[in-house]
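In my numbering, the protein residues as written are 121 to 275.
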Amino acid sequence: MGIQCPAFLTQYIQQLSGRLEEAKWQLSQYQTLADMHFNGSLSKLTEHYLSNSDTIINKTGMIVNELINRRDYLTFQFTSLHNQPYLEQLWFFSTNFDDSIVQQTYTMFSLSIPLTIEALCTGFFIAILVMSLLKLCLYSCSCVYQRMFKQVETN
Numbered sequence: 121m122g123i124q125c126p127a128f129l130t131q132y133i134q135q136l137s138g139r140l141e142e143a144k145w146q147l148s149q150y151q152t153l154a155d156m157h158f159n160g161s162l163s164k165l166t167e168h169y170l171s172n173s174d175t176i177i178n179k180t181g182m183i184v185n186e187l188i189n190r191r192d193y194l195t196f197q198f199t200s201l202h203n204q205p206y207l208e209q210l211w212f213f214s215t216n217f218d219d220s221i222v223q224q225t226y227t228m229f230s231l232s233i234p235l236t237i238e239a240l241c242t243g244f245f246i247a248i249l250v251m252s253l254l255k256l257c258l259y260s261c262s263c264v265y266q267r268m269f270k271q272v273e274t275n
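Written as structure tokens, this is what we have:
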């Protein structure tokens with residue numbers, strides 16, 4: 121399981137990249153309008169849309185704002201993971217993952233056995249962690265059993 125972490129993380133970053141490029145492309149359509157009518161200012165374009173009394177145009181302004189927020193969010197996610205040291209990637213991913221992108225990545229995930237130092241170290245760490253938890257659980261059960269057995273003998 122642990123040895124799959126680097127491959128999953130790589131595929132997660134690829135999913136992020138694809139979504140980011142799509143958001144940028146969609147926003148570029150509105151940027152073209154902003155370039156033509158508002159000296160390139162997307163904020164002025166959205167203000168114009170949002171202040172319009174026509175409900176459809178007003179909702180279009182909301183869509184543009186959502187696209188800007190989505191692009192900024194995906195940019196933050198991508199830059200926080202892309203070309204960062206592996207441990208920083210793991211930490212950021214484990215504390216800031218996007219559930220919908222994790223679900224998509226998991227659905228599309230293809231198993232691989234990467235023979236990199238990161239994969240081997242992660243696999244080793246998770247194996248040690250699982251073994252330690254198992255040993256702690258068995259030790260706890262053993263202590264409880266011994267106490268119960270001693271109580272039965274003394275009665």
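In this text, a Cβ means the ideal position worked out from N, Cα and C, and glycines have one as well.
{"Check": "For Asn178, which of helix, strand or coil comes out of DSSP?", "Outcome": "helix"}
{"Check": "For Asn216, report the span of its alpha helix (DSSP H) as first-last.", "Outcome": "Tyr206 to Asn216"}
{"Check": "Would you give the residue range spanned by the alpha helix (DSSP H) that Ser173 belongs to?", "Outcome": "Ser173 -> no alpha helix (DSSP H), and no H or E assigned at all."}
{"Check": "Return the chain-ordered list of same chain residues with a C-beta closer than 8 Å to the C-beta of Leu194, the five sequence neighbours on each side being excluded.", "Outcome": "Leu136, Arg139, Leu140 and Ala143"}
{"Check": "Checking 8 Å against the spacing of the C-beta atoms, do Gln224 and Leu187 come in under that value?", "Outcome": "no"}
{"Check": "Under a three-way DSSP split, which group does Ser137 fall into?", "Outcome": "helix"}
{"Check": "Give the range of the alpha helix (DSSP H) segment to which Ser220 is assigned.", "Outcome": "Asp219 to Met228"}
{"Check": "Give me the Cα-Cα distance between Gln266 and Lys255, rounded to the nearest whole angstrom.", "Outcome": "16 Å"}
{"Check": "Evaluate the contact criterion for the stretch 175-192 versus the stretch 122-133: three or more CB pairs, one atom per stretch, below 8 Å.", "Outcome": "no"}
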